[in-house]
Structure formats: structure tokens, C-alpha cells
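To keep things clear, I will list the structure first and then write my remarks on it.
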Amino acid sequence: AVERLQPFGATIFAEMTALALERGAVNLGQGFPDWDGPAAMLEVARGQISTGNNQYPPVRGAAELRQAICEDRARNFDVEYDPGTEALVTTGATEAIAATILGLVEPGSEVILIEPYYDSYAAAVALAGSTRVTVPLVPDGTGFALDVDALRSAVSEKTAMIVVNSPHNPTGTIFGLAELSAIAELAVERDLLVLADEVYERLTFGLVHIPIATLPGMASRTVTVSSAGKTFNVTGWKVGWALASQTLLDGVLAAKQFLTFSGGAPFQPAVAHALRHEQAWVTDLVADLQRKRDLLTHALEGAGLSPFRTEGTYFVCARVDQDALSYCRALPASRGVAAIPVTVFTDHPEPWREIVRFAFCKTDEVLAEGIRRLT
Ligand code: PMP
Ligand code: GLN
Numbered sequence: 018a019v020e021r022l023q024p025f026g027a028t029i030f031a032e033m034t035a036l037a038l039e040r041g042a043v044n045l046g047q048g049f050p051d052w053d054g055p056a057a058m059l060e061v062a063r064g065q066i067s068t069g070n071n072q073y074p075p076v077r078g079a080a081e082l083r084q085a086i087c088e089d090r091a092r093n094f095d096v097e098y099d100p101g102t103e104a105l106v107t108t109g110a111t112e113a114i115a116a117t118i119l120g121l122v123e124p125g126s127e128v129i130l131i132e133p134y135y136d137s138y139a140a141a142v143a144l145a146g147s148t149r150v151t152v153p154l155v156p157d158g159t160g161f162a163l164d165v166d167a168l169r170s171a172v173s174e175k176t177a178m179i180v181v182n183s184p185h186n187p188t189g190t191i192f193g194l195a196e197l198s199a200i201a202e203l204a205v206e207r208d209l210l211v212l213a214d215e216v217y218e219r220l221t222f223g224l225v226h227i228p229i230a231t232l233p234g235m236a237s238r239t240v241t242v243s244s245a246g247k248t249f250n251v252t253g254w255k256v257g258w259a260l261a262s263q264t265l266l267d268g269v270l271a272a273k274q275f276l277t278f279s280g281g282a283p284f285q286p287a288v289a290h291a292l293r294h295e296q297a298w299v300t301d302l303v304a305d306l307q308r309k310r311d312l313l314t315h316a317l318e319g320a321g322l323s324p325f326r327t328e329g330t331y332f333v334c335a336r337v338d339q340d341a342l343s344y345c346r347a348l349p350a351s352r353g354v355a356a357i358p359v360t361v362f363t364d365h366p367e368p369w370r371e372i373v374r375f376a377f378c379k380t381d382e383v384l385a386e387g388i389r390r391l392t
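According to full-length UniProt numbering, the sequence shown is numbered sequentially starting from 18.
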């Protein structure tokens, strides 16, 4: 690969899932649910395929899906986007992230990532010829908080964008109003863009998710990214989206059109159906995930590990009292379980050296077997 991709190697998700398959391990590594989404949504996709919706959708995505996305945002978060000009369907949130960075960040600029960060951000920044600057989350009682002073000092004349992921992968932290306001004030003061990765926007356990785009001064400078994968258990469909003011979204579209142009024709109407009609299913999913979070957290405690509080997402992090990377490389063989070392999401691994991410988005049977093997 080219020089700017050299530091990345193979993604940890591919490595750990391959290891899990090879060893017949319970995969608590890669974050994907192992049961299906709403039956009626799957039926819509089947129907679309049978009736011939199998060619390129429009580059911005099917109109009915953009309409459904904007209605869903308005209903859940009281924020309005124009489906014609301010919503773009993408090939998963991953493409939305890449297109946002490629389309809006000039080479030579700096992008601030909050560490630990989801791995595709760093690669997208490198592909764009820009540089990442990281700011750490810091332990805060049983969970993690943003170091706002460190964020402030990380901004330079070259800073173009801050990437804000809440609910946060891998820690499960949800940023509250105080943290989001501090980021927003800084963005306004220093005229920065914000990429808000909100793929876990619905997967919150009691705390309210606040889209940073809704804070004062932020609508015109935020690209919000989300995905049907997490909300409806269809990570493999890769139907995601970006929402932003027309000016920003035109930049995202400028890059997106040459990444994939468009994709997922039969899945787009199915996701539109789910956004419109499957809210009760999502409520049940969230209750189920919260119960699974509690099961896994208690089991990890019982096994002598030290789990952190998790407020959303699919994940719980725990201190394993040994090097996390070696622990995770050995775990499929030693215990028949796969997990992800949090160090792979960092540039400054030291504070995270012994922290491992376990996924709990698994059927009760699989989760119980994983727990049995770990404990
Ligand atoms: N952002 C975060 C924080 C994620 O955890 C993931 C996937 N797990 C993505 C983006 C990518 O989403 P998608 O699968 O829709 O491309
Ligand atoms: N986002 C998922 C995770 O964090 C996996 C995504 C992937 O496999 N690239 O586990």
C-alpha cells in the first residue's frame, strides 16, 4: 500500500474475527449483533429484490429513505433537515466518515480525534493528507470524561475539524450537555467543523443522547453521521447517512460520488420502512441490550476483572491487569473468547494498556457461553 496507509496494517476487527473463527471462539470482539432485525423490514428488502429494485439508486439515496431519515431525526431529537439538500445516504457510516473528511478537510490541516477513537477516523484523515491530533478521555470515577482543557490546547491554526463520537465506541461514554457545550463553544470560537459520529444514537441506557448539531452555532458547522446497522441489527447492509447544511453536505457529496456513487438499492426502502414503523422494536432492542450490558458487567466483575460503567453502545471495557494486546491475542485459544484491546484505538497507549473491550450485542445463549468461558 502507499506510504500514508503503511502505519495502519490490517484492521483489528478482521484480525480478531479471523482468530475467533479459526479457534471456534465466542466472538465478543467485533461489534455486530448475531440476531436479525425486524421481520417486516427484512420482508421489504426481499420484496424489493424480487420486484427488481436492483440497479443504482440516486447518488443522494432513495427519496423515501431521505424523507424517513429526516422525519426520524425530527421525532427523536427535534431537529429539522431538508431531505432534498441536507441528507445523503451512504454506504454505511464508514463511507459518510470518509467522504466528510475527504470532502471538507484540506491536505495539511489537522483533525482532532478523541482518544480512544474508532479506527476508520485515523485512516480517513491519513487518506485526506491531513494530520490527526488526539485528545484523551480520562477516567472519571467508574467511567470516562473528556479533558476539555486538553481539547482547548490541541486546537492550532491548522485545525479544521473535531470528530465527536457519542455514544462512544469503545468506552460506551455518552457526552453530557456540559462536555458537548464546551466542544461547541470551542468550535464556534475557532471556526472549526465538527464530524458527529452518532451511529449509537438510539443505543443509550437511561441517559439522553444530545446531537451536538443542536447546540448554538453548530447547525452550520456539523456533519452528523449515523447508520441503520446499529439501530436495526443490519450491520452488513451498510446503509448509513450524513446530515448537514447544504453547503457542508455538498462537500461530502463531492467526495462520496467518487467513492461508491451509490449502493444498497433494495435495502434503502427497507430501512425507510424500519425508521417509520419499527420504533417499538428499537425500544425493545435497547431494553434487551441494557440487560445484556448488566449481565456481562456483573460477570466480568465476578471474574475478577474491573469493568467500567457503560452508558450506551454495544460495548463494555474492563481492566484485565495485564497487557491487553497479548491478552486478546491469547484469549481465543486460552478461553475460547475473542475481545478487542483498546490500545488499538489510541496513539498514546499507556493509559489504556490493560483495558479490553467486550461486546455484549449477542444472543443470550452466545453471551452466556462467552461468560461461562471467561469465568
Ligand atoms: N462509527 C462507529 C463509532 C462505529 O462503531 C461503527 C461500526 N461499528 C461505524 C462508525 C461504522 O458504521 P457502518 O457499519 O454503518 O459503516
Ligand atoms: N464497528 C464495529 C466495532 O467497533 C466493527 C466494524 C468493523 O468491523 N469494521 O466492533
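Beta carbons are placed, not taken as given, at the ideal position from N, Cα and C, and that holds for glycine.
Since we're looking at a predicted model, the values are computed, not measured.
Per DSSP, which one or two residues make a beta bridge with residue i?
i: Ser259; result: Ser is not the amino acid found at residue 259; the sequence shown has Ala there. For Ala259, which the question treats as bridged, DSSP gives the partners Leu105, Val242.
i: Leu163; result: Leu154
i: Thr176; result: Glu127
i: Ile372; result: Arg336
i: Ala355; result: Asn44
i: Leu132; result: Reading off the sequence shown, one finds Glu at residue 132, where the question assumed Leu. Per DSSP, Pro153.
i: Thr221; result: Gly329
i: Asn182; result: Asp214
i: Thr148; result: Glu127
Three-state secondary structure (DSSP) at residue i?
i: Arg207; result: coil
i: Asn44; result: strand
i: Asp311; result: helix
i: Asp93; result: Residue 93 is actually Asn in this sequence, not Asp. Reduced to three states, the DSSP call for Asn93 is helix.
i: Asp381; result: helix
i: Pro233; result: coil
i: Pro286; result: helix
i: Gly26; result: coil
i: Thr264; result: helix
i: Val19; result: coil
i: Asp305; result: helix
i: Ala57; result: helix
i: Thr360; result: helix
i: Pro75; result: coil
i: Ser137; result: helix
i: Ser323; result: strand
i: Glu88; result: helix
i: Gly281; result: coil
i: Val122; result: coil
i: Pro349; result: helix
i: Val142; result: helix
i: Val251; result: coil
i: Trp298; result: helix
i: Gly387; result: helix
i: Tyr98; result: coil
i: Ile200; result: helix
i: Phe275; result: helix
i: Ile191; result: coil
i: Gly69; result: coil
i: Ile114; result: helix
i: Thr34; result: helix
Return the Cβ separation of residue i and residue j in integer angstroms, given the expectation that the two are a contact with Cβ distance under 8 Å.
i: Val256; j: Phe284; result: 5 Å
i: Gly46; j: Ala316; result: Contact doesn't hold; Cβ gap of about 16 Å is too wide.
i: Ala385; j: Tyr331; result: Actually they do not touch by this definition, with Cβ atoms about 17 Å apart.
i: Thr108; j: Thr277; result: 5 Å
i: Ile191; j: Val211; result: About 17 Å separates the two Cβ atoms, so there is no contact after all.
i: Pro55; j: Trp369; result: Contact flag wrong, Cβ pair sits at about 36 Å.
i: Ile86; j: Trp258; result: 5 Å
i: Ser294; j: Ala57; result: The amino acid occupying residue 294 in the given sequence is His; Ser does not appear at that position. Indeed, because the Cβ distance is near 7 Å, the residues count as touching under 8 Å.
i: Asn182; j: Ile131; result: 7 Å
i: Gly268; j: Leu163; result: With 8 Å as the limit, Gly268 and Leu163 do not qualify as a contact, their Cβ atoms being about 26 Å apart.
i: Asp208; j: Val242; result: Going by Cβ atoms, the distance from Asp208 to Val242 rounds to 21 Å, so no, they are not a contact pair.
i: Asn71; j: Ala287; result: Their Cβ separation, rounded to whole angstroms, is 13 Å, which puts Asn71 and Ala287 out of contact at 8 Å.
i: Pro184; j: Thr148; result: Contact doesn't hold; Cβ gap of about 27 Å is too wide.
i: Phe363; j: Ala341; result: With the sequence shown as reference, residue 363 is identified as Thr, and Phe is not the correct amino acid for it. Not quite, the Cβ-Cβ distance comes to about 11 Å (not below 8 Å), so this is no contact.
i: Leu82; j: Val106; result: 6 Å
i: Pro349; j: Arg92; result: Pro349 to Arg92, Cβ: 42 Å. No contact.
So that I know if they touch, is there some Cβ in chain B lying closer than 8 Å to that of residue i?
i: Gly54; result: The chain labelled as chain B is not found in the depicted structure, where only one protein chain is given.
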